[in-house]
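Each residue of the sequence shown is one higher than the one before, starting from 272 at the first, in the working numbering. Structure, as structure tokens:
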Amino acid sequence: MYQPNQKPTPLPKLLFILGGVSLGIIALVILLADIKCHYDIENWWAAPYPDAETVDMQYDLFRPRALGETRWILETADDEDTVRKFYQGLTLEILNSGQTRGLAWAERFIQSIEKPDGSQATRIVLFSACGT
Numbered sequence: 272m273y274q275p276n277q278k279p280t281p282l283p284k285l286l287f288i289l290g291g292v293s294l295g296i297i298a299l300v301i302l303l304a305d306i307k308c309h310y311d312i313e314n315w316w317a318a319p320y321p322d323a324e325t326v327d328m329q330y331d332l333f334r335p336r337a338l339g340e341t342r343w344i345l346e347t348a349d350d351e352d353t354v355r356k357f358y359q360g361l362t363l364e365i366l367n368s369g370q371t372r373g374l375a376w377a378e379r380f381i382q383s384i385e386k387p388d389g390s391q392a393t394r395i396v397l398f399s400a401c402g403t
């Protein structure tokens, strides 16, 4: 309740409080978007191939496979056809579940390669972007 002899809050203090609350809300929105992006990319749009080894990973924001862009290069001893069938099955599962894209977007490239020791492998490049 207002009392006549009560002093109002000084303007600089009020602006400082409002600025802090605004920054807190912005940080919370960014954190929630990062969590949602990471979940969608990891579980739906750019799931890692089982037992594949990481060759390289580059990302531009806080963590890989979340807000921002990520390029992840994997290699597996499985043949290209097996890898493609795995990702086709995953895509069908996504379509049948009715999952929407949300904030995330992903692309994958699959290619047979010959390693320096002469053995065959399959290289998988997963590119994901979210909130960009």
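Cβ atoms here follow ideal geometry from the backbone N, Cα and C, with glycine treated the same way. Please read these numbers as outputs of a predicted model, since none were measured by experiment.
| query | result |
| --- | --- |
| Based on DSSP bridge pairs, tell me the residues matched to Ser-399. | Thr-341 and Ala-377 |
| If you draw a straight line from the alpha carbon of Ala-323 to that of Ile-306, how long is it in whole angstroms? | 24 Å |
| State the DSSP-derived secondary structure class of Asp-327, mapped to helix, strand or coil. | strand |
| Sort Glu-364, Ala-317 and Arg-334 by Cα distance to Leu-345 and report the nearest one. | Ala-317 |
| Return helix, strand or coil for Ser-390, following the three-state DSSP convention. | coil |
| In whole angstroms, what is the alpha-carbon distance linking Gln-409 and Pro-283? | The question about residue 409 has no answer, for the chain in this structure spans 272 to 403. |
| Who are the near neighbours of Glu-378 in its chain, counting only those whose CB is closer than 6 Å to its CB and skipping five residues on each side? | Phe-398 |
| In whole angstroms, what is the alpha-carbon distance linking Arg-334 and Leu-286? | 33 Å |
| Who are the near neighbours of Asp-349 in its chain, counting only those whose CB is closer than 7 Å to its CB and skipping five residues on each side? | Thr-393 |
| Do you know how far the Cα of Asp-311 is from the Cα of Ala-400? | 11 Å |
| Would you check if the distance between the CB atom of Ile-396 and the CB atom of Arg-336 is smaller than 8 Å? | Looking at the sequence shown, residue 396 is not Ile but Val. Going by C-beta atoms, Val-396 is not nearer than 8 Å to Arg-336. |
| Under 6 Å Cβ to Cβ from Trp-315, same chain only, skipping five residues before and after it: list those, please. | Ile-365 and Gln-370 |
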